[in-house]
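Protein chains in written order, with the UniProt record's numbering: chain A, 1 to 85; chain B, 1 to 274.
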Amino acid sequence: MSGIFSFWRSNKKTSASIAKERLQVIVAHERSAASQPEWMPKLQQEILEVIKKYVEIDSSALNIEVRNEGQDISVLEINVDCPIK
Amino acid sequence: MDNKGKIIVVTSGKGGVGKTTSSASLGAGLALAGKKTVVIDFDVGLRNLDLIMGCERKVVFDFIQAIKKECKLNQAIIHVKQISENLYMIPASQTRDKDHLSLEGVQEIMEQLVQEFDYIVCDSPAGIEKGAKMAMYFADEAVVVTNPEISSVRDSDRMLGFLDSSTRLAEVEGKRIPQHLLITRYVPERVENGDMLSLQDIDDILGIPLIGVIPESRIVLDSSNQGKPVITNQDDVAGKAYQDVIKRLLGEEIPLRFIEAEKKGFFGRLFGAR
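Here it is as structure tokens:
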């Protein structure tokens, strides 16, 4: 379907393109989660509990990941979004 | 290379996308191409491959009984000769559960089967539990069945992850198992209308080579009803598409068919609703 009829379609997103975008986001997220070590969720939970003793944050404020930086170094990266009081 | 048979797992993660239909047709197609083939139902407790292959009344012993040595392996193998002299199948147990599948037990069976058959097709159950893990563990190649539908594509991506990490090839030999994508229930008209994911969309997300596209066809249900794998239907588009898959599995390079919407004629355009 090309030509003048595609004119009407062009400004409306098809449901297939919405599906594709949603899939790309979730698949990328799940792939990175799958590549993380098994102890990650527990570590995340425990760190969160410790921080919560001092600062009020919710679980989405904590980001934690292990990245491989070359052959024999991996970096444990912890990011916490703290509210300004 | 030795003359051992090749083990192919047919898997998907999500249920109802066409694993058993595809396993039956791949098995039948390989057998009809002259390869001695056995198809194994790994869906322990929910046996169904026997129905799809039309041999439910010949089941006496099953896979679990063979593993537990309650019968000889060849007693559990059913000759599906109404389809091909080269076609055999092993039914799943209907009364036991997946806990009876042990890695050593499955390995012992596989080692015997690769001596005797050219192809061993493992029909995986849905999900990511033991049955699915066992079905893929000893495979040399994987066929991942996917519908052009959002949850099926996501589950297939998870399965690709497991195939990369939890197979004998990966764990013992450190190799990547060759993976093929088989898209089923494809409707080119809906893709053209923008309400179904296209081949390109699915490829962009999963990124594994395509072994075939099976178009949606009413004959698939018709074939299941009769216990004749759809590949044996020479006139139907789905049957033809499965025949193409067999040729590709055996190394031929042939173009995809039935992936474009049918061009409607003048009257079709005038009167064709939707």
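Ideal placement from N, C-alpha and C gives every residue a C-beta, glycine not left out. Bear in mind the structure is a predicted one, so any value in this text is a computation, not a measurement.
The beta strand (DSSP E) runs of length 3 or more contained entirely in the UniProt domain "AAA" (6 to 156) of chain B are, from start to end of the chain, 6 to 11, 37 to 41, 87 to 90, 119 to 123 and 141 to 146.
The distance from the Cβ of E46(A) to that of I64(A) is about 11 Å, inconsistent with a contact at the 8 Å cut-off. Residue contact with chain B for S32(A): absent (no Cβ-Cβ distance below 8 Å to any residue of chain B). Contact annotation: in the UniProt domain "AAA" (6 to 156) of chain B, residues whose CB is within less than 9 Å of a CB in chain A are P148, E149, I150, V153 and R154. Around the CB of I73(A), fewer than 16 other CB atoms lie within 10 Å, so the residue is classed as exposed.
What I205(B) touches in chain A, judged by beta-carbon distance under 9 Å, is K20, L23, Q24 and V27, going in chain order.
DSSP, reduced to helix, strand and coil, places T232(B) within a helical segment of the structure shown.
Following the DSSP letters along the chain, one finds N225(B) in no beta strand (DSSP E) but inside the alpha helix (DSSP H) bounded by residues I219 to Q226.
Under the DSSP definition of a beta bridge, Q179(B) partners with A142(B). Cβ neighbours of S35(A) within its own chain (closer than 6 Å, five residues either side excluded): none. According to the DSSP secondary-structure assignment, G212(B) is paired through a beta bridge with L182(B). From the beta-carbon of S198(B), the residues of chain A found nearer than 9 Å are A16 and K20. In terms of beta-carbon proximity, R158(B) lines the interface with chain A, with at least one pair separated by less than 8 Å. Per DSSP, N3(B) has no beta bridge partner at all. Contact with chain A is found for D195(B), since one of that chain's Cβ atoms lies less than 8 Å from the residue's Cβ. Residues of the region 160 to 182 of chain B with a C-beta atom less than 8 Å from some C-beta of chain A are G161, listed in chain order. Around the beta carbon of P148(B), 16 or more other beta carbons lie within 10 angstroms, which makes this residue buried. Within the model, the alpha-carbon separation for N233(B) versus L43(A) is close to 56 Å. The straight-line gap separating the alpha-carbon atoms of A132(B) and P255(B) is approximately 31 Å. With respect to the 8 Å criterion, R185(B) and I211(B) are not classified as neighbours on the basis of their beta carbons.
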